[in-house]
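Beneath this line is the structure, given in structure tokens, with notes to follow.
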Amino acid sequence: MTKAFPVRVAANATELLTVKDVRAAAARIAGAVVRTPMLRSQTLSEISGADIWLKFENHQFTAAYKERGALNALLHLNDEQRSRGVIAASAGNHSQGLSYHGRRLGVPVTIVMPQTTPSVKVMQTESVGGNVTLFGETFDEAYAHARELEQERGLTFVHPFDDPLVAAGQGTVALEMLQDKDDFDCFVVPIGGGGLMSGMATVAKALKPTIEMVGVQAELYPSMYSAVTGDKRPCGGDTLAEGIAVKEPGEFTRQIVGELVDDVLLVKEGKLEHAVALLLQIEKTVVEGAGAAGLAAILSNPEKFAGKTVGLVLCGGNIDTRLLANVLLRDLARSGRLARLQIVLQDRPGALFKVMREFNEHNVNIIEIYHQRIFTTLPAKGLTAEIECEARDGDQIDRLVQSLRAKGYSVELAELA
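Numbering follows the UniProt record's numbering, in which position 311 of the sequence shown is assigned residue number 311; successive positions increment by one, without gaps.
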């Protein structure tokens, strides 16, 4: 198989992470993390044209695979390091995984987060045993402060991804998947810093050299893509997949990815939102944006995966409930089941009633109505009625709009980006 990337790993990088290391990690963490189920999705397979198998890492206690690597690193500490404690810079799943297993093992855990970190993430980390220190406005400032505290207090720093011990723990995901099913054509794996992909690729290529390893990043954060392809792209913005929103991949992990990974795909925000919604609607499972990245990549590139047996890692399920609600409503709007119509009316009795009769005739349910009389360019006797409504599908909405326009109404349909 021809490599997609010209990057070649330094001789000592692959020596730092082998399938033997991953097997040792699996034995070490056995019984302390969940051996998550892997199930075939009949419906997603029909939709995508590929044979889709899902690994439910969102079933871990902290709802993410990060526990595996964090625990493997903690179990390598000597007695002095255990007593002094560990430190990390993280505002995501690594902080919770490290804190949870640190408390369970009696190891003090300090987590440095930016001062801008949402309070819910601070509380979640503290609830599983972490001692949170807020510092700086950005992750880089928090990271630098964590490294200072490491030296000042004699703590052991546990990197979220750029560490062979952490990557070995993450690689146990692939070990379990291949134990359960050994005929995969392809693994599709989210990439942020590259720890999960490094561990999984090390296992997969050792046990099944012909398997195709495909990484996925949010289009707004193509850091690993840029590193391994040389195609430098801007990195930043508000992404649903904040769990893989990494501006600088690891030095160790980028070498492993450059050597063992066949392709890295970039996915748009709309596809991430749709994948999150599909997994909830079809599989009845909650994933965060990063956890849906693999499915988003397949839906964005159906020709690449058609007919293949594909393993997807649902790497995490930590998503804010309000954000999840917004994602689901936006997906309904994109599918045409929710709509907002802007209709120009005359400001006189009965005008709205006549419009309502059209909604009734087409069996479209009205959710909310808002009248705009002041902030408009219409004449003083005109108004705009914004009507939010729900229907079976987009065709039903289209028929309503056509009927309204046929009766002389000016109608605009609000669009999502």
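Where is the CB? At the ideal position from N, CA and C, for every residue including glycine.
Predicted, not measured: the structure shown is a model, and the values here were computed from it.
Proximity of residue i and residue j at Cβ, strictly below 8 Å
i, j, result
"L416", "R330", "yes"
"A306", "V267", "no"
"V203", "V86", "no"
"G294", "G316", "no"
"N93", "L314", "no"
"F157", "R147", "yes"
"V344", "Y409", "yes"
"L71", "V33", "yes"
"G129", "R153", "no"
"M197", "K55", "no"
"L413", "F252", "no"
"V216", "I52", "no"
Anticipated Cβ contact below 8 Å, residue i with residue j, distance rounded
i, j, result
"residue 419", "A385", "Examination of residue 419 is not possible in this model, given that the chain is present from 1 through 417 alone."
"Q170", "Y65", "6 Å"
"L323", "V286", "L323 to V286, Cβ: 11 Å. No contact."
"T172", "A63", "About 17 Å; that fails the 8 Å criterion."
"G193", "V246", "5 Å"
"P114", "E137", "6 Å"
Which of helix, strand or coil DSSP assigns to residue i
i, result
"I29", "helix"
"N363", "coil"
"S410", "strand"
"R103", "helix"
"E415", "coil"
"I47", "helix"
"A290", "helix"
"L54", "strand"
"F157", "strand"
"V401", "helix"
"F187", "strand"
"L98", "helix"
"A4", "Residue confidence for A4 is low, a pLDDT of 41 falling below 50, so the modelled location carries little weight and cannot support an answer."
"T117", "coil"
"N318", "coil"
"A206", "helix"
"E137", "coil"
"T18", "coil"
"V166", "helix"
"L312", "strand"
"R35", "coil"
"R78", "Looking at the sequence shown, residue 78 is not Arg but Asn. N78 falls in the coil class under three-state DSSP."
Beta-carbon contacts of residue i that lie in its chain and below 7 Å, excluding the five residues immediately before and after
i, result
"A212", "For the record, residue 212 in the displayed sequence is Glu; it is not Ala. D185, C186, D262."
"P302", "S48, G49"
"K232", "S226"
"E273", "L240, V327, R330, D331"
"P209", "none"
"L155", "R84, G85, V86, I87, T110, L149"
Other residues of its chain near residue i: CB distance less than 6 Å, five sequence neighbours each side excluded
i, result
"K308", "A50, D185, C186"
"L220", "G237, T239"
"V7", "Because the pLDDT at V7 is just 39, under 50, the model does not fix this residue reliably, and the value given afterwards should be weighed accordingly. These residues qualify, in order along the chain: V228, G258."
"G336", "D393, G394, I397"
"V166", "G69, A73, G195"
"L400", "H362, V364"
"V112", "A89, T133, F135, A142, H145, A146"
Close beta carbons around residue i, own chain, < 8 Å, minus the five adjacent residues each side
i, result
"V120", "D320"
"I366", "M356, F359, I387, E388, C389"
Those runs of the alpha helix (DSSP H) which lie wholly inside the segment 211–277 and span at least 4 residues: List check, alpha helix (DSSP H) in window: 223–229, 251–260.
At which residue ranges does the segment 322–373 contain complete beta strand (DSSP E) runs of 3 or more residues, listed in the order of the chain? For the segment 322–373, whole beta strand (DSSP E) runs of length 3 or above, ordered along the chain, are 338–346, 365–372.
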